[in-house]
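Here the structure is laid out as structure tokens; the discussion comes afterwards.
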Amino acid sequence: MAETERDDGAVGFLRCFGLQLRLLREREGLTRAVLGSRLGYGEDQIASVELGRRIPKPEMIDRADEVLGAGGLLVAMKREVARARYPSFFQHAAKLEAEAVELHVYDTLAVNGLLQTEEYARAVFRQWRPLLDEEVVDHRVAARMARQDIFTRRPVPNLSFVVEETVLHKRIGGGGVWRGQLEQVLLIGQMRNVEIQVMPLHRGEHAGLAGPFTLMETKDGRRIAYTEVQSGSRLHTERNRVRELEATYGALRGRALAPQESMALVEKLLGEA
């Protein structure tokens, strides 16, 4: 199925949810401003959800269902709202990622979505082909930013990233966006549960030449690998394959710069910007 067809389905569902919210609000005789005050959101945010331009958080859906006396109608759509945040090829991986107790990532083409600034993410999505509608870009960016809750979740997961140095030199979005992205990498790299390592250009060949991947461990002890290319993806659960990628990641970490050296390299790039 073409990417644009999947996007139309997600956008259509969010518009349907927004229409239901508006009808329930009007049934209760509430303005957007009044509903927003009762839910703890601004009038503009309520309008964006009703128009299908903003993806509501689960807690907002729960509260709206209660305030509007929806009897579970909105809550019943909560899971599908969450799924609509992401393209279909990433939906299952996103759910596993959100529940992971460990996450280890190797990236070769762009800064990983979990590390991206909003501006950098928007620049990335605007380059996708077929071209995404601006409304879809807004949804994708919002979903990507929501994924970053993983950094403040409790209990905190263990996170590590190995990124090719070439990625840090790409001025995606222009100079200002690029500098902001480097600052973001430095900021997240200071977190106690996060280690970011750079694979320097001078290393030459290494174990990761077959491409990027992600390793995850769930709270019930399952170990899973995720690979993605050109809007196609695969979750690997077979132990032999996961073990192979774990060995590859270990070799990559051994060849990459240490976290402190990596942050020093990022600071050097910022200083030269």
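First residue of the sequence shown: 393, per the numbering used here; consecutive thereafter.
For glycine and all other residues, C-beta sits at the position ideal for the given N, C-alpha and C.
Computed from a prediction, not measured in an experiment: that's the story for all the values here.
Quick one, which of the options has its alpha-carbon nearest residue i's?
i, options, result
"Gly444", "Gly404, Arg455, Lys611 and Ala474", "Gly404"
"Ile616", "Ala485, Arg645, Thr500 and Pro592", "Ala485"
"Leu488", "Lys611, Arg536 and Ser625", "Lys611"
"Lys621", "Gly434, Thr606 and Ala639", "The residue asked about is misnamed: residue 621 is Val in this sequence, not Lys. When each option's Cα is compared against that of Val621, the closest is Thr606."
Given residue i, which residues of its chain have a CB within under 6 Å of its CB, disregarding the five upstream and five downstream residues?
i, result
"Ala462", "Leu416"
"Thr509", "Gly572, Gln573 and Gln576"
"Val459", "Arg430"
"Gly434", "Gly428"
Got a sec? Which residues, its chain only, sit under 7 Å from residue i by beta carbon, not counting five neighbours each side?
i, result
"Val548", "Asn585"
"Val533", "Glu510, Ala513, Arg514 and Phe517"
"Arg398", "Reliability fails at Arg398, whose pLDDT of 44 lies under 50, so the model's placement of it is uncertain and no value is given."
"Ser440", "Arg446"
Just confirm the distance between the C-beta atoms of residue i and residue j, as a whole number of angstroms; I'd bet it's less than 8 Å.
i, j, result
"Val554", "Leu637", "Not quite, the Cβ-Cβ distance comes to about 12 Å (not below 8 Å), so this is no contact."
"Met469", "Phe409", "6 Å"
"Val658", "Leu578", "5 Å"
"Glu442", "Leu413", "5 Å"
"Leu346", "Ala476", "The shown model of the chain, from 393 to 665, leaves out residue 346, and the question about it has no answer."
Tell me which residue opens and which closes the alpha helix (DSSP H) that residue i is part of.
i, result
"His531", "Glu526 to Arg539"
"Thr640", "Arg631 to Arg647"
"Gly572", "Gly567 to Gly581"
"Arg563", "Per DSSP, Arg563 belongs to no alpha helix (DSSP H) and is neither H nor E."
"Ala447", "Per the sequence shown, the amino acid found at residue 447 is Ile instead of Ala. Ile447 -> no alpha helix (DSSP H), and no H or E assigned at all."
"Gln437", "Glu435 to Glu442"
"Glu510", "Glu510 to Phe517"
List the endpoints of the continuous beta strand (DSSP E) containing residue i.
i, result
"Tyr618", "Arg615 to Val621"
"Leu627", "Gly624 to His628"
"Phe553", "Asn550 to Glu556"
"Val586", "Val586 to Met591"
"Tyr498", "Ala492 to Asp499"
"Leu607", "Phe605 to Thr610"
Closer than 8 Å by C-beta to residue i: which residues in its own chain qualify, once you throw out the five before and the five after it? Chain order, please.
i, result
"Glu494", "Pro549, Asn550, Leu551, Leu607, Met608 and Glu609"
"His561", "Leu661"
**Segment contact, 8 Å Cβ cut-off, at least three pairs: the segment 489-505 with the segment 555-567** = Yes, the segment 489-505 is in contact with the segment 555-567.
**Request:** Check whether the segment 586-597 touches the segment 651-662, counting contact only when three or more Cβ pairs, one atom from each stretch, lie closer than 8 Å.
**Result:** Touching, yes, given that three or more Cβ pairs across the two stretches are closer than 8 Å.
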